[in-house]
Each structure stands twice: as C-alpha cells, then as structure tokens.
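One structure below.
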Amino acid sequence: MKIKDSPLDGPLCRYHEVCDDIQEVVITADQIQKTVEILSHQIHEVYANDTRVVIPVLLQGARHFADDLSDRLNDSKFQFVPVKVSSYRGGTRSTGQVVIHSTETLDIRGQAVLIVDDIYDSGRTLTQVKAHLEAQNPAHVKTCVMFEKACEHIHDVPLDFVGLPVPDDFVVGYGLDYQDRYRELHCVGTLKPDVIATEDRYEDAQSIG
Ligand code: IMP
Ligand code: MG
Numbered sequence: 063m064k065i066k067d068s069p070l071d072g073p074l075c076r077y078h079e080v081c082d083d084i085q086e087v088v089i090t091a092d093q094i095q096k097t098v099e100i101l102s103h104q105i106h107e108v109y110a111n112d113t114r115v116v117i118p119v120l121l122q123g124a125r126h127f128a129d130d131l132s133d134r135l136n137d138s139k140f141q142f143v144p145v146k147v148s149s150y151r152g153g154t155r156s157t158g159q160v161v162i163h164s165t166e167t168l169d170i171r172g173q174a175v176l177i178v179d180d181i182y183d184s185g186r187t188l189t190q191v192k193a194h195l196e197a198q199n200p201a202h203v204k205t206c207v208m209f210e211k212a213c214e215h216i217h218d219v220p221l222d223f224v225g226l227p228v229p230d231d232f233v234v235g236y237g238l239d240y241q242d243r244y245r246e247l248h249c250v251g252t253l254k255p256d257v258i259a260t261e262d263r264y265e266d267a268q269s270i271g
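Residue numbering for the sequence shown follows my numbering, beginning at 63 and increasing consecutively.
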C-alpha cells in the first residue's frame, strides 16, 4: 500500500516515521470514530436506568478507546477507572499469565461494572479480569472491546459491546502496541515484516498489555 495517499497521512498520524512501518491499514481512523459513536449510544441505552456505572479501563491498550468513549458518554455516572493489567504475551502473539494490579481500591459491591479493553484475542485477559471483579460482588459485570480478532478465542467470555472485527494478524494503532510503539496511530494496521524482531516472529517474549 502507498502510505502517502492513505488515511495515515497528515493529522491522522502524528509521527510520520511510524507510518513507514505500516504494511496495510486495516481500519481507518474514520471507521474507528464512527464505531465509538455507535458504541457510546448503545452503552447509554443499556445503562439508562443506572445511576452509577464503574468502568475499569485495562491499561495501556484501552486508554485511547476509553478517552474517546468518555468524551462521548459525557455523563458523570460513568466512572472510568484505570486498571493496570500485565499480560505475558509473545511479541506478536498472546501466550500466558495475566497479572491484575490495583483493583483493591475499586468499591464495586452492588455496582454495575463495564470492563473496557482494546482487543479480544485469546480472551484470557477479559476472562481473568471479569472473574476477579465478579468475586467482589458487583451487581453485574459486562464487557466492551473495540476490536475482536477473527481467531479462535481459547477463553470464551461473552462480549456485551463489540466495535469492529480485525483480521487474525498482529495489528497496531489506536492503543495497540508493538514493543510500546504505535499506540498513537489513529488507525489500525499491520506491521511490515522487517519491523518485527526475528525472535518475535516465532518465539515468545514478555510485554505489557
Ligand atoms: P487476550 O489474548 O485476549 O488476552 O489479549 C491480551 C492483550 O493482548 C490485549 O488486551 C492487547 O493488549 C494485546 N493484544 C492482543 N492482540 C494484539 C495485537 O494484534 N496487537 C497488539 N496487542 C494485542
Ligand atoms: Mg490490553
């Protein structure tokens, strides 16, 4: 793809050198923003009768999505709470254990809870975070992801709000990173093979959510 004419150009991409690493844009910034708009309407409707909704935002990946959602929901009953989640995953593939930090201060007893994450891949992260929060006796826990990867979800968890499907590839942008880069892209794309370290093409390493 010719990146110069793509939606990665101009104000949609703050760092031009990053654009050069993108192989193909799979979701444009415009598609993302329209989808966030739709999701925010759905969330408004589902929680119309609730007076407080606690929204744990799984960092780092879901931060951009949560910021956009929060702007659109624009209602103080939605309480966005950052939650740090470390997942052991391959440089480009999900592998192992999930460690959940800092939910102790969240008082969710009897509350409506909506977990917000960037992408649903193996399902491991959402499954474990959901179980962890459910053990604290909330009224109920629902889930919202911006992207659903077209792959077999090893850990199945019901998704209540889903943005867009993405191909079963490693993708970056809109919060999704490779080695902590590319999160700032306003669109989502695949990386050129030469950008991905040789060891990450085949082996597992640790990186953070
Ligand atoms: P899980 O495999 O569903 O547990 O996904 C775990 C986490 O891995 C997600 O919340 C993302 O932060 C990250 N992740 C999964 N797939 C990708 C990808 O294609 N690019 C970047 N990060 C990803
Ligand atoms: Mg994540």
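Backbone N, C-alpha and C fix where the C-beta goes; we use that ideal spot for every residue, glycine too.
Asked: LEU131 Cβ short of 7 Å to the ligand IMP heavy atom set; Found: no
Asked: Cβ shell of ALA212 (< 8 Å), same chain only, five flanking positions each side left out; Found: PRO227, VAL228, PRO229 and ASP230
Asked: Any non-hydrogen atom of the ligand IMP within 7 Å of SER102 CB; Found: no
Asked: Validate contact between the stretch 131 to 139 and the stretch 185 to 193 using beta carbons, cut 8 Å, 3 pairs; Found: no
Asked: Sequence ranges, beta strand (DSSP E) only - wholly within the stretch 95 to 143, length at least 3; Found: 115 to 121
Asked: Beta carbon of ALA174 nearer than 8 Å to that of ALA197; Found: no
Asked: Extent of the continuous beta strand (DSSP E) run through LYS211; Found: 202 to 211
Asked: THR189 in three-state terms, based on DSSP; Found: helix
Asked: Rounded C-alpha distance that separates LEU253 from PHE232; Found: 8 Å
Asked: Any non-hydrogen atom of the ligand IMP within 7 Å of LYS254 CB; Found: no
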